[in-house]
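J.: Here the sequence shown is numbered in my numbering, starting from 991 and rising by one per residue. In this text, a Cβ means the ideal position worked out from N, Cα and C, and glycines have one as well. Pasting in a structure now, in structure tokens, and then I'll have a few things to ask.
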Amino acid sequence: MGLVSGKKALILGIANERSLAYVIAQRLASEGAAMVVTYQGEAVESRVRNLASELQAAAVEPCDVTRDGDIDAVVDATGRALGGLDLVVHAVAFADKEALVGRYCDVTRPSFLKALEIGAYSFTALARSAARLMQSSGGSMLTLTYFGAEKVVPHYNVMGVTKAALEASVRYIAADLGPDAIRVNAISAGPIKTLSAKGVRDFNSMLSLAGERSPLRRNITGRDVADAALFLLSDLGAGVTGEVLHVDAGYNIMGM
Ligand code: NAD
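Written out as structure tokens, the structure is:
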């Protein structure tokens, strides 16, 4: 009997085998969860379909979170494919390349709105939609954030502001949905080489600095994130909601 046996999960954010969404999905599948996964755009569709078959996903659905219709449609499709919904993983973010370099304060209005819409508003819209299917059984939702929400990280810029909004959203949504026994949490992951990470200038320096200066003197792995996700999503985390759990080898505690 796995830690999430019989649980029905919706996973957003798989682009390839390095995606944190995929690593988390693998962990959930290994502990007995059934799932529906989404992809954004035709460019990644066939790759995501291959990964989904490894996960034995019940369905693979297109979802662009900038379209409200897509979010509701994918939640409804999950309900149909799995007969309910218990777990949601939101591992979605995007910022224009030019917004991830130079000064934060030079961000344009369209770049600001796009980053906030995709990285923060989408979690609110998804939580609201998913809660419709969860109300009788309770449920657990998880999103992914980064330390750049709390402190200035060079070049992270509008993505840091987006993650700050996302972390605040986690608390507000947790308060809204707690009476329905729905838990809402975030993992603040240390840097890991993924497709999105490549878009952040000097990402390799972030990686080596985090590895050298964190208390555990190492970088985190996808497995570290997936294990923490399993804790928060499963009943092991039954008493935890509105939390931002750092999975960063302790990097965030260091003052100097
Ligand atoms: P990734 O590139 O594999 O995943 C990002 C996903 O966002 C992709 O699947 C992409 O298709 C999706 N996406 C972008 N725009 C979208 C849209 N409009 N609609 C639907 N989906 C859209 O990279 P990742 O590192 O696995 O990122 C997952 C999450 O983890 C992100 O929120 C990221 O900010 C966060 N995170 C990553 C790191 C890291 O170092 N990799 C650290 C902390 C937090």
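Examine ligand 1 and report whether any of its heavy atoms sits within less than 6 Å of the Cβ of V1215.
T.: As a first step, residue 1215 is located in the sequence shown; it is residue number 225 there, counting from the start. Not under cutoff, so the answer is no.
J.: Which residues does DSSP list as the beta-bridge partners of K998?
T.: Here residue 998 refers to the residue found at position 8 when the sequence shown is read from its first residue. Answer is A1024, bridged to K998.
J.: Could you check if F1102 belongs to the surroundings of ligand 1, using beta carbon to heavy atom distance under 6 Å?
T.: Residue 1102 sits at position 112 when you count from the first residue of the sequence shown. No; taking the cut-off as 6 Å, the Cβ of F1102 has no heavy atom of ligand 1 nearer than that.
J.: Could you check whether the Cβ of F1113 sits closer than 6 Å to any heavy atom belonging to ligand 1?
T.: Counting from 1 along the sequence shown, the entry for residue 1113 is found at position 123. No.
J.: Between the stretch 992-1008 and the stretch 1024-1040, do at least 3 Cβ pairs fall closer than 8 Å?
T.: Verdict: yes, contact present.
J.: Which same chain residues end up closer than 6 Å to A1085 when comparing Cβ atoms and leaving out the 5 residues on each side of it in sequence?
T.: Counting from 1 along the sequence shown, the entry for residue 1085 is found at position 95. Taken in chain order, the residues that qualify are A1105, V1148 and M1149.
J.: Going by C-alpha to C-alpha distance, which of G1069, D1062, P1052 and S1043 sits closest to A1033?
T.: One-based indexing of the sequence shown puts residue 1033 at position 43. Closest by alpha carbon: P1052.
J.: Just the C-alpha distance for A1081 and L1226, rounded to the nearest angstrom, thanks.
T.: If you number the sequence shown from 1, residue 1081 lands on position 91. If you number the sequence shown from 1, residue 1226 lands on position 236. Those two C-alpha atoms are separated by around 21 Å.
J.: Between I1172 and P1144, what straight-line distance do the alpha-carbon atoms span, to the nearest angstrom?
T.: As a working mapping, residue 1172 is identified with position 182 in the sequence shown. As a working mapping, residue 1144 is identified with position 154 in the sequence shown. If I take the Cα positions, the gap works out to 35 Å.
J.: To the nearest angstrom, report how far apart M1244 and A1200 are at their CA atoms.
T.: Reading the sequence shown from its first residue, position 254 is the one you call residue 1244. Reading the sequence shown from its first residue, position 210 is the one you call residue 1200. Going from the Cα of M1244 to the Cα of A1200 covers about 11 Å.
J.: Taking the alpha-carbon positions, what's the V1237 to S1178 distance?
T.: Within the sequence shown, numbered from 1, the residue matching residue 1237 stands at position 247. Within the sequence shown, numbered from 1, the residue matching residue 1178 stands at position 188. V1237 and S1178: Cα-Cα distance of roughly 6 Å.
J.: Does I1177 come out as helix, strand or coil in the three-state DSSP assignment?
T.: Your numbering for residue 1177 matches position 187 in the sequence shown. The answer is strand: DSSP assigns I1177 an E or B state.
J.: Alpha carbon to alpha carbon, how far is V1174 from I1163? Give it in angstroms, no decimals.
T.: For the purposes of this step, residue 1163 is taken as the residue at position 173 of the sequence shown. For the purposes of this step, residue 1174 is taken as the residue at position 184 of the sequence shown. Going by the C-alpha atoms only, they are around 7 Å apart.
J.: If we count the other Cβ atoms within 10 Å of its Cβ and call it buried at 16 or more, is R1203 buried or exposed?
T.: As a working mapping, residue 1203 is identified with position 213 in the sequence shown. It counts as exposed.
J.: May I have the straight-line CA-CA distance separating Y1012 from D1217, to the nearest angstrom?
T.: Counted from its first residue, the sequence shown places residue 1012 at position 22. Counted from its first residue, the sequence shown places residue 1217 at position 227. Their backbone Cα atoms lie some 13 Å apart in a straight line.
J.: Report back the beta-carbon spacing between D1076 and M1124 to the nearest angstrom; my notes put them in contact at under 8 Å.
T.: Walking along the sequence shown from the start, residue 1076 turns up at place 86. Walking along the sequence shown from the start, residue 1124 turns up at place 134. With 8 Å as the limit, D1076 and M1124 qualify as a contact, their Cβ atoms being about 7 Å apart.
J.: Are the stretch 1057-1072 and the stretch 1094-1110 touching, with three or more C-beta to C-beta distances below 8 Å?
T.: With the cut-off at 8 Å, the stretch 1057-1072 and the stretch 1094-1110 do not touch.
J.: Can you tell me which of G1180, G996 and A1117 puts its alpha carbon nearest to the alpha carbon of A1139?
T.: Position 149 of the sequence shown, counted from the first residue, corresponds to residue 1139. Taking only the C-alpha atoms, the option nearest A1139 is G1180.
J.: Give me the Cα-Cα distance between A1228 and S1130, rounded to the nearest whole angstrom.
T.: The residue labelled residue 1228 in the question sits at position 238 within the sequence shown. The residue labelled residue 1130 in the question sits at position 140 within the sequence shown. Looking at the two C-alpha atoms, the distance is approximately 9 Å.
J.: For the beta strand (DSSP E) that E1051 lies in, which residues bound it at each end?
T.: As a first step, residue 1051 is located in the sequence shown; it is residue number 61 there, counting from the start. It spans A1049 to P1052 - the beta strand (DSSP E) in which E1051 sits, taken as one unbroken run.
J.: Ordered along the chain, which non-local residues of its own chain (more than five positions away) have a Cβ less than 6 Å from that of I974?
T.: Only positions 991 to 1246 of the chain appear in this structure, which leaves residue 974 out of reach.
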